[in-house]
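In our numbering, the protein residues as written are 15 to 110. Using N, Cα and C, we set each Cβ at its ideal position, and we do this for glycine too. Notes follow once the structure below has been shown.
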């Protein structure tokens, strides 16, 4: 799913994640994601922040944690705070 602003990314074994926010910080693209079910019509209570690493035209995503996560979250959270506080808006976005 890709409606221009929000995207569902699929990893190995049909592991699907809804990208709530993306931001380039210090030249690196970070994404805040929520897991979605296989039919992409509901959220699973699991979140992650990943950074994109590029190898030529290929994009790879690595989950961040620790000090890097603590530094990045305050920058990403303002973009998703309203959606987290109003889960019905998330479902509307996912269903559109």
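With a cut-off of 8 angstroms on the beta carbons, I'd call residue i and residue j a contact; round off their distance for me.
{"i": "residue 49", "j": "residue 30", "result": "7 angstroms"}
{"i": "residue 74", "j": "residue 67", "result": "5 angstroms"}
{"i": "residue 86", "j": "residue 78", "result": "7 angstroms"}
{"i": "residue 33", "j": "residue 23", "result": "6 angstroms"}
Among the options, which residue has its Cα nearest to the Cα of residue i?
{"i": "residue 53", "options": "74, 100 and 28", "result": "28"}
{"i": "residue 25", "options": "39, 100, 76 and 92", "result": "76"}
{"i": "residue 47", "options": "20, 39 and 71", "result": "20"}
For a quick check, are the C-beta atoms of residue i and residue j less than 9 angstroms apart?
{"i": "residue 96", "j": "residue 55", "result": "no"}
Determine the burial state of residue i: buried for a count of at least 16 other Cβ atoms within 10 Å of its Cβ, exposed for fewer.
{"i": "residue 58", "result": "exposed"}
{"i": "residue 45", "result": "buried"}
{"i": "residue 80", "result": "exposed"}
Which residue or residues does DSSP assign as beta-bridge partners of residue i?
{"i": "residue 85", "result": "None; residue 85 has no bridge partner."}
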